[in-house]
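Structure first, then comments.
2 protein chains.
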Amino acid sequence: MKAAVPITVNGLKASCSQCNLVELCLPFGMSEHDLDRLDELVGARRKIKRQQSLYRAGDTFEAIYAIRAGSFKTDVLLEDGRDQVTGFQMTGEILGLDGISTESHSCNAIALEDSEVCVIPYAKLEELSREVEGLQHQFHKVMSREIVRDHGVMMLLGSMRAEERLAAFLLNMSQRFTARGFSPAEFHLRMTRDEIGSYLGLKLETVSRAFSRFQEEGLVSVQQKHIRILNAASLKRLLQHQSGNR
Amino acid sequence: MKAAVPITVNGLKASCSQCNLVELCLPFGMSEHDLDRLDELVGARRKIKRQQSLYRAGDTFEAIYAIRAGSFKTDVLLEDGRDQVTGFQMTGEILGLDGISTESHSCNAIALEDSEVCVIPYAKLEELSREVEGLQHQFHKVMSREIVRDHGVMMLLGSMRAEERLAAFLLNMSQRFTARGFSPAEFHLRMTRDEIGSYLGLKLETVSRAFSRFQEEGLVSVQQKHIRILNAASLKRLLQHQSGNR
DNA sequence: AATTGTGGTTGACGTGGATCAACGTGCCCG
DNA sequence: CGGGCACGTTGATCCACGTCAACCACAATT
Chain Z
156 MKAAVPITVN
166 GLKASCSQCN
176 LVELCLPFGM
186 SEHDLDRLDE
196 LVGARRKIKR
206 QQSLYRAGDT
216 FEAIYAIRAG
226 SFKTDVLLED
236 GRDQVTGFQM
246 TGEILGLDGI
256 STESHSCNAI
266 ALEDSEVCVI
276 PYAKLEELSR
286 EVEGLQHQFH
296 KVMSREIVRD
306 HGVMMLLGSM
316 RAEERLAAFL
326 LNMSQRFTAR
336 GFSPAEFHLR
346 MTRDEIGSYL
356 GLKLETVSRA
366 FSRFQEEGLV
376 SVQQKHIRIL
386 NAASLKRLLQ
396 HQSGNR
Chain B
156 MKAAVPITVN
166 GLKASCSQCN
176 LVELCLPFGM
186 SEHDLDRLDE
196 LVGARRKIKR
206 QQSLYRAGDT
216 FEAIYAIRAG
226 SFKTDVLLED
236 GRDQVTGFQM
246 TGEILGLDGI
256 STESHSCNAI
266 ALEDSEVCVI
276 PYAKLEELSR
286 EVEGLQHQFH
296 KVMSREIVRD
306 HGVMMLLGSM
316 RAEERLAAFL
326 LNMSQRFTAR
336 GFSPAEFHLR
346 MTRDEIGSYL
356 GLKLETVSRA
366 FSRFQEEGLV
376 SVQQKHIRIL
386 NAASLKRLLQ
396 HQSGNR
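These protein sequence lines are chains Z and B, in that order. All you need for the working numbering is the position in the first sequence, starting with 1, plus 155. All you need for the working numbering is the position in the second sequence, starting with 1, plus 155.
Printed below as a string of structure tokens:
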């Protein structure tokens, strides 16, 4: 056990078998027995302060990360300074999969609030998943899920109008909060309008206006980052029917 | 060589070790020895006629596919009929990874021309990649690459204007043709303007106009689907500098 | 050679969301 | 407690791209 290291690593050895996030995280669906072996895998935990990065584009890839507490955004940037948020991640979700392909990360992962992750050294993960079938299978599912999620975002960016995008975003957040035992209808967004806009391919003003419109129409109540969904059915209807711009 | 079998499966056993696509495909980077074991893995080949689907959204997931000849598009559809092309795939590229997460496919894979794929039964792939480290590693890289690619498309859809999108598309195609030993500057697109538009989040008219503009400016020569890139540097400049809409 | 169809181009016009700008609002910090 | 600052809202204007519509090119069909 080490101490000297500044703030980032704390000695608390992680333990998947004891963790209450099991059914949201990598171990989901694994047997009791396999789970015990997972404890070998997860190294230290690491704390990341709000606005700090867990890794940056270009960093050598060594580990993937499971979010133990808090939340993150990932973004990519273009040479000319433009950047784009590619995702928001919550507890139990896995960060860093982008690094496997080139052995260096291709995006930045930045904490939206003070957060904590479990560090999963990638070499060990590959090794252990050769022995533990359940782990291998779960890991593949996690990667595949990310691909499917990305396709959903591509659909959103490529063929939805502003209000539909925001509705989809809110419903998605609601669903993920629900899965974590929070209210489906009332939650606190950790990201700014600008970050939401970047993720949805819109300007922050457009996001703000769409929020206002939803509020006028009684679909949601918005107070800064505090959101209450008043009419989920209408939000869903907004997605399914009509419109469609490009 | 056989004839009887209808169209879909032909008995020709695939052989990765003999295949000239090795360095584009799943086996890339694997040792001679590991390669031999891969031959156990790949089952039959399957031919798909133009416009036919290799799999459809909802189909049970059983295998992934390596494109042996031809090309494909993948698309997702929304309940209301809108659809979005999520990618175009060429020889050596892998199709079907979306199916792992839910054990059923989440998009359609449709041949853009008469094509042939190698069928890689997924259960066998997992099994073999527990034994063959090189295979495991390559497979993970392939999945990760898909994630990184999708992030690139999200960036494109979320923050580029029409001409930038088309320039990025053309440069990407050029690069992939080059990797396959074709000319970087002259190639034949297998997809329609509508499909390009769907992929880029634009209407076909906008794609057509952007092509015309490029032609006027002497950047490319366009004759229907036949493209000649006359000034790759300017296309790249178009991407890197200025503009940026939303 | 006429016929039909699918895909592509081009023009005229309309609009959703970007841009620019002013003004609130809650929060941190001296 | 007041002043600065990041974040959010709202309005006025503009423009890139969507929409609608006409027309063209090429290929397959007869």
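Where a beta carbon is used, it is the ideal one built from N, C-alpha and C, also for glycine.
Assignment of residue 380(Z) by DSSP, reduced to helix, strand and coil, places it in the coil class. A distance below 7 Å between beta-carbons, with the five flanking residues on each side excluded, links residue 376(Z) to the following residues of its chain, in chain order: 370, 383 and 385. For the pair residue 252(B) and residue 219(B), the CB atoms are nearer than the 8 Å cut-off.
Not a single C-beta of chain B is nearer than 8 Å to the C-beta of residue 390(Z).
Judged by DSSP secondary structure, residue 363(Z) falls outside any beta strand (DSSP E) and instead within the alpha helix (DSSP H) spanning 359-371. CA-to-CA, the gap between residue 192(B) and residue 288(B) works out to about 11 Å. For residue 225(Z), the secondary structure class from DSSP, reduced to helix, strand or coil, is coil.
For the C-beta of residue 288(Z), the chain B residues within less than 8 Å are, from N- to C-terminus, 281 and 285. At a beta-carbon threshold of 8 Å, the residues of chain B lying near residue 302(Z) are 252, 253, 256, 298, 301, 302 and 305, ordered along the chain.
When 245(Z), 357(Z), 170(Z) and 332(Z) are compared, the shortest CA-CA separation from residue 274(Z) is found for 170(Z). Only residues of its own chain outside the window of five on either side were considered, and among them 181 and 249 have a CB closer than 7 Å to the CB of residue 297(Z), listed in chain order. In the DSSP assignment, residue 293(Z) falls within the unbroken alpha helix (DSSP H) covering 288-314. C-alpha of residue 320(B) to C-alpha of residue 354(B): approximately 10 Å in a straight line. Taking C-beta atoms as the reference points, residue 272(Z) and residue 223(Z) count as a pair closer than 8 Å. Proximity to residue 365(B) across 343(B), 390(B), 342(B) and 212(B) peaks at 390(B), based on C-alpha coordinates. Between residue 173(B) and residue 265(B), the gap from beta carbon to beta carbon reaches 8 Å or more. In terms of Cβ geometry, residue 239(Z) and residue 299(B) do not form a close pair [threshold 8 Å]. In the structure shown, residue 392(B) adopts helical secondary structure according to DSSP, grouped into three states. Residues of the stretch 309-324 of chain Z whose Cβ lies closer than 7 Å to any Cβ of chain B, in chain order: 309, 310, 312, 313 and 314.
With contacts defined as CB atoms closer than 8 Å, residue 231(B) and residue 261(B) qualify as a contacting pair. Residue-level contact check: residue 374(Z) does not touch chain B, since none of the beta carbons of chain B fall below 8 Å from its beta carbon. Residue 342(Z) sits close to residue 332(Z), with the two beta carbons spaced by under 8 Å. For the C-beta of residue 363(B), not a single chain Z residue is nearer than 8 Å; the gap to the nearest is close to 14 Å.
Residue range 238-244 is occupied by the beta strand (DSSP E) that includes residue 242(Z).
Counting along the chain, the unbroken beta strand (DSSP E) around residue 209(B) starts and ends at 208-210.
Separation of residue 268(Z) and residue 340(B) (C-alpha to C-alpha, rounded to the nearest whole angstrom) is 48 Å.
Where residue 265(B) is concerned, there is no enclosing alpha helix (DSSP H), although the beta strand (DSSP E) around it starts and stops at 263-266. By the rule that beta-carbons nearer than 8 Å mark a contact, residue 170(B) does not touch chain Z. The C-alpha of residue 190(B) is placed about 55 Å away from the C-alpha of residue 363(Z).
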